[in-house]
Each structure stands twice: as C-alpha cells, then as structure tokens.
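Novice:
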Amino acid sequence: MQLFFDRTALSLLTFFATAVVPMVPVDAQSSLDAGDIALLQAEVTQLTEQPLTDEGVRRLIQIDVDLGYPSPREVGPLQREILLAISASQERGLEHLRHVFESQPERRGPAAAALARATTDRPNDLQDWRYMVRSLTVVEGDDAVAVMTALRRFQQRATRGTWVRQVILIGLTLPTGQQRTAEELLQHWTSKPRTGRNVTPWSLAEYQTWFADEFAMEPAAVLPTDPAERRWDWTGVLNALEASGDEDSTVDGKVIYEKAGCTKCHRRGDIGENFGPDLTSLGWRRTRKEIVRAILYPSHDLNEEYPSVSVVTKDGRTLAGMMSAGPENSLVIVSQNASRQQISRDLIDEIVPQKISGMPEGTLEPLTHSEIRALFEFLTSTEGVPRPHGDTF
129 MQLFFDRTAL SLLTFFATAV VPMVPVDAQS SLDAGDIALL QAEVTQLTEQ
179 PLTDEGVRRL IQIDVDLGYP SPREVGPLQR EILLAISASQ ERGLEHLRHV
229 FESQPERRGP AAAALARATT DRPNDLQDWR YMVRSLTVVE GDDAVAVMTA
279 LRRFQQRATR GTWVRQVILI GLTLPTGQQR TAEELLQHWT SKPRTGRNVT
329 PWSLAEYQTW FADEFAMEPA AVLPTDPAER RWDWTGVLNA LEASGDEDST
379 VDGKVIYEKA GCTKCHRRGD IGENFGPDLT SLGWRRTRKE IVRAILYPSH
429 DLNEEYPSVS VVTKDGRTLA GMMSAGPENS LVIVSQNASR QQISRDLIDE
479 IVPQKISGMP EGTLEPLTHS EIRALFEFLT STEGVPRPHG DTF
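Count the sequence shown with the working numbering and you get residues 129 to 521, in order.
#1: Tell me whether Pro329 is buried or exposed, calling it buried when 16 or more other Cβ atoms sit within 10 Å of its Cβ.
#2: From Pro516 to Glu234, what does the alpha carbon distance come to, in whole angstroms?
#3: Could you spell out where the beta strand (DSSP E) holding Arg281 opens and where it closes?
#4: Report the three-state DSSP secondary structure of Leu492 (helix, strand or coil).
#5: Can you name the start and end residues of the beta strand (DSSP E) that Ser458 belongs to?
#6: What residue range does the alpha helix (DSSP H) around Gly364 cover?
#7: Who are the Cβ neighbours of Leu313 in its own chain at under 7 Å, not counting the five residues just before and after it?
#8: By a C-beta neighbour count over all protein chains shown, 10 Å radius and 16 as the cutoff for buried, is Ser231 buried or exposed?
#9: Out of Tyr385, Arg395, Asp270 and Ile500, which one is the CA nearest neighbour of Pro238?
#10: Distance, Cα to Cα, Pro200 vs Tyr425?
#11: Using 8 Å for Cβ pairs, my map puts Ala246 next to Asp256. What's the rounded Cβ distance?
#12: Please name the residue, chosen from Ala502, Thr176, Leu495 and Ile479, that lies closest to Arg358 on a Cα-to-Cα basis.
#13: With DSSP as the reference, label Met260 as helix, strand or coil.
#14: To the nearest whole angstrom, what separates the beta carbons of His224 and Ile214, a pair I think is in contact under 8 Å?
#15: Taking the alpha carbon of Thr508 as the point to measure from, which residue in Ser485, Arg396 and Tyr259 has its own alpha carbon closest?
#16: What are the uninterrupted segments assigned as alpha helix (DSSP H) that are 4 or more residues long and contained completely in the region 392 to 465, given in chain order?
#17: With DSSP as the reference, label Arg296 as helix, strand or coil.
#18: Just the C-alpha distance for Gly454 and Arg421, rounded to the nearest angstrom, thanks.
#19: Where DSSP assigns a beta bridge to Pro481, which residues make up the other side?
#20: Kindly list the residues whose CB is nearer than 8 Å to the CB of Leu302, restricted to its own chain and excluding five residues on each side of it in sequence; keep chain order.
#21: Give me the residue from Glu499, Ala371, Phe343 and Asp192 with the minimum Cα distance to Asp537.
#22: Please give me, in chain order, every unbroken run of the alpha helix (DSSP H) with length at least 4 that falls completely inside the region 289 to 342.
#23: In this structure, does DSSP put Pro153 in helix, strand or coil?
#24: Once the 5 residues before and after Lys417 are set aside, which same chain residues still bring their CB inside 8 Å of it?
#25: Expressed to the nearest angstrom, what Euclidean distance is found between the alpha-carbon atoms of Gln283 and Arg413?
#26: Would you tell me roughly how many angstroms separate the C-alpha atoms of Glu202 and Arg186, rounded to the nearest one?
#27: Gln174: buried (16+ other C-beta within 10 angstroms of its C-beta) or exposed?
#28: Determine the direct distance from the alpha carbon of Arg473 to that of Gly445, and round the result to whole angstroms.
#29: For Glu493, which residues of its own chain have a beta-carbon under 8 Å away from its beta-carbon, when the five flanking residues on both sides are left out?
#30: Between which two residues does the beta strand (DSSP E) carrying Ser509 extend?
#31: Out of Glu219, Trp291 and Met487, point me to the one whose CA is closest to Arg250's CA.
#32: In whole angstroms, what separates the C-alpha of Glu505 from that of Arg208?
#33: For Cys390, which of Leu475, Met487 and Asp194 has the nearest alpha-carbon?
#34: To test your reading of the DSSP string, which unbroken alpha helix (DSSP H) runs of 4 or more residues are found completely within the region 179 to 234?
#35: Which value, in whole angstroms, describes the spacing of the CA atoms of Thr318 and Ala356?
#36: Would you check if the distance between the CB atom of Ser263 and the CB atom of Ala240 is smaller than 8 Å?
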C-alpha cells in the first residue's frame with residue numbers, strides 16, 4: 129500500500145510553525161469526566177460573554193489544553209468555540225491556534241477557520257496565509273468558506289496547480305449558494321476571466337475546463353467516485369472508523385498493516401520497505417479523512433517526490449510504476465504489484481510522467497470492519513513517535 133499525499137507544491141517553500149508551549153502537553157488525552165467538562169463549558173461561556181483580557185486568553189488556552197487531544201466528539205464544539213474566541217486576541221492566542229493546527233490534525237479545520245477570522249483586519253501575514261492554504265486539503269463546509277473568503281483578502285496568490293485544483297474541488301462539495309466563494313478566489317488567484325465591464329464570471333465548470341488545459345499533467349479537478357462493485361467506499365470506511373464498542377480488541381494493527389500489503393512499499397517504524405513515503409509520523413501530519421482518501425483513490429492526488437512514470441529504454445522495453453533514485457547513476461521502478469526493477473540511466477531513452485498512481489486500488493477490500501479500525505489506529509498512532517518539526521509547503 130502506498131499513500132500518495134498531495135505534495136506537488138512542496139518545492140514552493142518550507143515552513144516551520146511558531147508554537148506556544150503550554151505547561152501541559154497539548155496532545156495529551158483528557159481524563160476529565162462529564163461533570164468536569166460541564167464546568168469548563170460554563171467557564172468558557174462566562175469568559176466569552178465579555179471582552180477578553182490577557183488573563184482570559186491564557187485561561188481559555190489552558191482550558192483547551194485540559195480538554196485534551198484526541199478528545200471525545202462531544203467536546204469538539206466547545207474546543208471550536210475556544211479557538212474562535214481567542215482568534216480575536218493578540219499574538220499569544222494566535223500562537224496557540226498555529227500550534228493546534230500543526231500538532232492536532234483532526235482540529236485543523238476549526239483552527240484554520242479561527243485563523244481566517246483573525247486575519248480579517250490584517251490580511252498581510254504570510255505565515256497565516258500559508259496555514260490557510262495548507263488547510264485547503266482538510267477544511268469543509270462553513271470552515272472552507274471562511275478560509276477562502278480570508279484568502280481572497282490577501283494580495284498573495286497561490287498559482288501552483290495543486291492549490292488551484294483544491295479550491296475547485298472544495299467548491300464542488302459546497303451547496304450552490306456557497307460555490308461563488310470558491311469562484312471568486314479562483315478569479316483572484318488566476319485572473320481568469322479578467323475583471324472589467326461586461327465580463328461574466330466563470331462557473332466552476334469553466335474553471336475545470338481551463339484547469340485541464342492549463343495544468344495538463346495534474347490530476348483532473350473532479351471529485352473521486354467509488355466503483356459500484358467496491359465493498360468499502362468512502363462512506364462505509366468513515367462509518368467503520370466512527371463506530372465504537374464492537375471492535376475486536378485482539379486484532380493487531382501491525383499485522384493488518386502487513387496483510388494489506390503496506391509493508392511492500394512503506395516503512396512504518398521498524399517494519400516495511402522504503403520505496404514510498406515513510407508513514408511513521410503519519411498521525412502527526414494527516415487527518416483520518418486524508419488517509420482514507422489516499423487509500424481509496426490513490427490517483428486522486430499524486431506525490432511529486434514519488435512520481436508515477438513510464439520509462440522507455442533504448443532497446444524498446446517499457447517499465448511502468450513509481451520512480452525513485454537508485455544507486456550509482458540508476459533509477460528504481462516499483463510496479464503496482466511491488467516488483468522492483470533497477471535500471472541504469474544510460475539505458476533510458478524517455479521518461480513519460482503518468483497521471484495514474486503506482487499504488488493499486490482496492491487495498492481495503494479484503495479487510496473486515498475490525499481490521500480497518502485496527503489498521504487506522506496503527507497508522508495514526510503517535511505513541512513513541514516524535515512530533516515532526518513542521519510540515520512543508
């Protein structure tokens with residue numbers, strides 16, 4: 129199994145987050161009971177009903193830390209309320225928002241929406257612009273609308289195909305009444321069509337057509353679909369991951385990682401090959417939905433660092449698969465069935481990029497409900513895994 133994440137814009141620049149370091153680890157899971165949470169909810173309500181002082185901001189941050197991560201679903205609205213409240217504060221609150229974004233993948237949507245609110249009066253902080261652009265792979269619904277509205281206030285434009293495509297994809301998921309927000313950001317970034325008198329704004333469909341011509345080597349800007357015969361589709365996998373109480377505690381995620389074929393191309397800790405992206409710190413870097421998408425639709429987002437190619441040799445052979453550098457002036461091609469071929473660069477006549485991932489589809493098909501849960505628990509576990517210094521952009 130190869131998880132190909134959307135990283136075609138990684139060469140643009142590298143970004144390391146400025147993080148506030150709270151007294152309690154921000155990623156610690158909470159041991160609070162329902163009564164404790166109710167008391168904290170009442171305190172948050174009291175604090176947010178009046179102008180926030182520096183002390184109030186510090187207290188809200190501490191409550192957010194106390195609520196923990198990962199946190200129960202019922203705590204989500206309260207933590208979201210806290211992030212939105214501190215977005216109106218000065219640098220201390222913003223540092224916490226950035227830290228949550230960087231360290232708690234499942235909260236990146238609300239954190240990005242809070243940063244979008246914070247930039248209303250200062251659309252010139254390139255650091256927060258980068259955060260919001262990075263969030264385009266995870267924000268949904270109203271959070272996505274808030275982020276795209278904020279990005280349009282910045283003079284900075286994201287002109288790489290990866291991010292333009294992501295805005296189109298977000299727009300396609302929104303209700304008709306909200307799609308205009310995506311179209312306006314696309315016009316701002318691409319200058320298509322040119323603004324002026326008697327110029328009709330483009331629809332998402334027109335941006336899709338333009339994108340296919342302008343970025344011909346990028347995956348199409350269309351939403352993925354599930355084959356009718358597929359056992360595990362998008363909704364089914366998410367429902368399996370959300371279910372609780374019926375999982376088989378005897379299922380070992382490490383064993384399932386091998387059963388699913390992940391070890392053929394991916395290293396996770398001390399197991400697996402390193403032909404594809406290393407998945408050891410995946411739980412720090414990606415949300416569950418991003419991981420589900422990468423597994424179910426491997427060709428939806430292609431990884432520039434592990435391109436899929438067809439290699440034509442000077443003697444007429446064709447090798448297809450994922451390409452990486454090999455030893456002594458050679459390349460390594462790994463096919464979809466994980467077979468590995470090494471070839472000297474001197475023997476290569478042509479390398480043709482492909483828009484089909486080297487990762488096979490159907491990775492989850494032979495797995496049971498419990499095995500899928502165990503696999504994702506293994507993939508996203510951060511126990512004993514150092515937090516990365518920062519994601520790249």
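Yeah, the Cβ is synthetic: ideal placement off N, Cα and C, and Gly gets one too. Predicted model only: the values in this text are computed from it and were never measured.
Specialist: Taking the structure as given:
#1: exposed
#2: 16 Å
#3: Arg281 -> not in any beta strand (DSSP E); alpha helix (DSSP H) instead, spanning Gly269 to Arg281.
#4: coil
#5: Ser458 to Val462
#6: Trp362 to Glu370
#7: Met276, Leu279, Arg280 and Val295
#8: buried
#9: Asp270
#10: 28 Å
#11: 7 Å
#12: Leu495
#13: helix
#14: 6 Å
#15: Arg396
#16: 410 to 413 and 416 to 424
#17: Looking at the sequence shown, residue 296 is not Arg but Ile. DSSP places Ile296 in helix when its eight states are reduced to three.
#18: 29 Å
#19: Val437
#20: Gly269, Ala272, Val273, Thr309 and Ala310
#21: In the structure displayed, the chain extends from 129 to 521; residue 537 sits before or after that span and is not available.
#22: 289 to 301, 307 to 318 and 332 to 342
#23: Any reading at Pro153 must be qualified, since the residue scores a pLDDT of 43, below 50, and its modelled position is unreliable; no value is offered.
#24: Val266 and Leu366
#25: 28 Å
#26: 23 Å
#27: exposed
#28: The sequence as given places Arg at residue 445; Gly does not occur at that position. Near 14 Å, if we compare the C-alpha coordinates of Arg473 and Arg445.
#29: Arg358, Arg359 and Trp360
#30: Where Ser509 is concerned, there is no enclosing beta strand (DSSP E), given that its DSSP letter is neither H nor E.
#31: Glu219
#32: 24 Å
#33: Met487
#34: 182 to 195, 204 to 214 and 219 to 231
#35: 36 Å
#36: yes
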